[in-house]
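The structure appears below as structure tokens.
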Amino acid sequence: DAMVIQNPRYQVTQFGKPVTLSCSQTLNHNVMYWYQQKSSQAPKLLFHYYDKDFNNEADTPDNFQSRRPNTSFCFLDIRSPGLGDAAMYLCATSSSVSSYNEQFFGPGTRLTVL
Amino acid sequence: AQKVTQAQTEISVVEKEDVTLDCVYETRDTTYYLFWYKQPPSGELVFLIRRNSFDEQNEISGRYSWNFQKSTSSFNFTITASQVVDSAVYFCALSEALSNTGKLIFGQGTTLQVKP
């Protein structure tokens, strides 16, 4: 089945220690999104890639970076995680940036910062 | 400014009851899309329905139905004869054509608990 895969499902890191979250997709979609969802809150878009073009949301902290080495993979790098970065990180894909298109979500990676 | 409000934080019903989840949105865009997603305990958001701003027809899919009213900026979701498997967090979301990013603006979510 075509899908969006996120690894690991659970990640524990220490305050200030860089961490990378991974997302891969078999849908061959052009667009990949990263959302942050804090406990009992709505998912909030951090950034997205349209093919190789990176698009950052205005209020995404510099601490968050992303890489997309190819169509299938996208990484979220948190350079110096703080306690406030503990959250579920959701990766999603879409065939285009049209507001019409539904997004397909992965199961998320739950990040704990000690 | 764009915003989605789901005023009901948690709803608890007994199996077979009908339940309606409310969603109110704000946007200045004339072309937009509204979505409902389900987030079961496993975590991934599952797409349920999409509605565009020019189509106010209500929709029914099995036990699910949606009522879109532009006059009140609402897009409510009703589950008929609820089942335990319907227990999840439900998110209403807005996507504006002008954003040209496909960005979803989510409401806070409504946690639905269906008890046997």
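Chain order of the listed sequences is Z and L.
Its first residue numbered 1, the first sequence is counted upward by one per residue in my numbering.
Its first residue numbered 115, the second sequence is counted upward by one per residue in my numbering.
Yeah, the Cβ is synthetic: ideal placement off N, Cα and C, and Gly gets one too.
This one's a predicted model, so the numbers in the text were calculated from it and none came from an experiment.
Legend entry - For residue 209 of chain L, the nearest candidate out of Z/30, Z/98 and Z/55 (CA to CA): For residue 209 of chain L, the closest alpha carbon among the candidates Z/30, Z/98 and Z/55 is that of Z/98.
Legend entry - Residues of its chain near residue 220 of chain L, where Cβ-Cβ distance is below 7 Å and the 5 sequence neighbours each way are ignored: Cβ within range, chain order: 118, 205 and 207.
Legend entry - Buried versus exposed call for residue 67 of chain Z [16 or more other C-beta atoms within 10 Å across all chains shown]: Residue 67 of chain Z comes out exposed.
Legend entry - Collapsed DSSP secondary structure at residue 86 of chain Z in the structure displayed: Coil, per DSSP.
Legend entry - Cβ shell of residue 30 of chain Z (< 7 Å), same chain only, five flanking positions each side left out: Residues of the same chain with a CB within less than 7 Å of the CB of residue 30 of chain Z, apart from the 5 flanking positions on each side, are 50, 51, 95 and 96 in chain order.
Inset, instruction - Determine the chain A residues that contact residue 214 of chain L at a beta-carbon separation under 9 Å, and present them in chain order. - result: Here chain A cannot be found, since the structure's protein chains are Z and L.
Legend entry - Minimum Cβ-Cβ distance from residue 198 of chain L to chain Z less than 9 Å: Not an interface residue.
Inset, instruction - Say whether chain Z places a C-beta atom closer than 9 Å to the C-beta of residue 184 of chain L. - result: No, its Cβ sits nowhere closer than 9 Å to a Cβ of chain Z.
Inset, instruction - Taking C-beta pairs closer than 8 Å, name the residues in chain L that residue 70 of chain Z reaches, listed in chain order. - result: Result: empty, since nearest Cβ-Cβ is about 20 Å, beyond 8 Å.
Legend entry - Secondary structure of residue 202 of chain L, DSSP reduced to three states: Residue 202 of chain L carries a strand assignment under DSSP once its states are collapsed to helix, strand and coil.
Inset, instruction - Using DSSP bridges, identify the partner residues of residue 156 of chain L. - result: Beta-bridge pairing links residue 156 of chain L to no other residue.
Inset, instruction - Just the chain Z side, please: which residues come within less than 7 Å of residue 209 of chain L by C-beta, in chain order? - result: 99, listed in chain order.
Legend entry - Test item: CB-CB of residue 110 of chain Z and residue 35 of chain Z under 9 Å: Contact: no.
Inset, instruction - Using a Cβ-Cβ cut-off of less than 9 Å, list which residues of the stretch 53-81 of chain Z approach chain L; keep chain order. - result: Against chain L - using a Cβ distance shorter than 9 Å - the residues of the stretch 53-81 of chain Z are 55 and 57.
Inset, instruction - In angstroms with no decimal places, state the Cα-to-Cα distance between residue 105 of chain Z and residue 202 of chain L. - result: Their Cα atoms are separated by approximately 16 Å.
Inset, instruction - Measure from the C-beta of residue 92 of chain Z to each C-beta in chain L and report whether the shortest distance is under 9 Å. - result: Taking Cβ atoms only, chain L reaches closer than 9 Å to residue 92 of chain Z, which makes this a yes.
Inset, instruction - Report yes if the C-beta distance between residue 6 of chain Z and residue 21 of chain Z is below 9 Å; otherwise report no. - result: Yes, Cβ-Cβ distance for residue 6 of chain Z and residue 21 of chain Z is below 9 Å.
Inset, instruction - Would you identify the three-state DSSP class for residue 184 of chain L, choosing helix, strand or coil? - result: Residue 184 of chain L falls in the helix class under three-state DSSP.
Inset, instruction - Return no unless some Cβ of chain Z is closer than 9 Å to the Cβ of residue 176 of chain L. - result: It does not; no Cβ of chain Z falls within 9 Å.
Inset, instruction - Would you list, in chain order, the members of the stretch 142-161 of chain L that have their beta-carbon closer than 9 Å to a beta-carbon of chain Z? - result: Residues passing the 9 Å Cβ filter: 143, 145, 146, 147, 149, 151, 153, 156, 157, 158, 159, 160 and 161.
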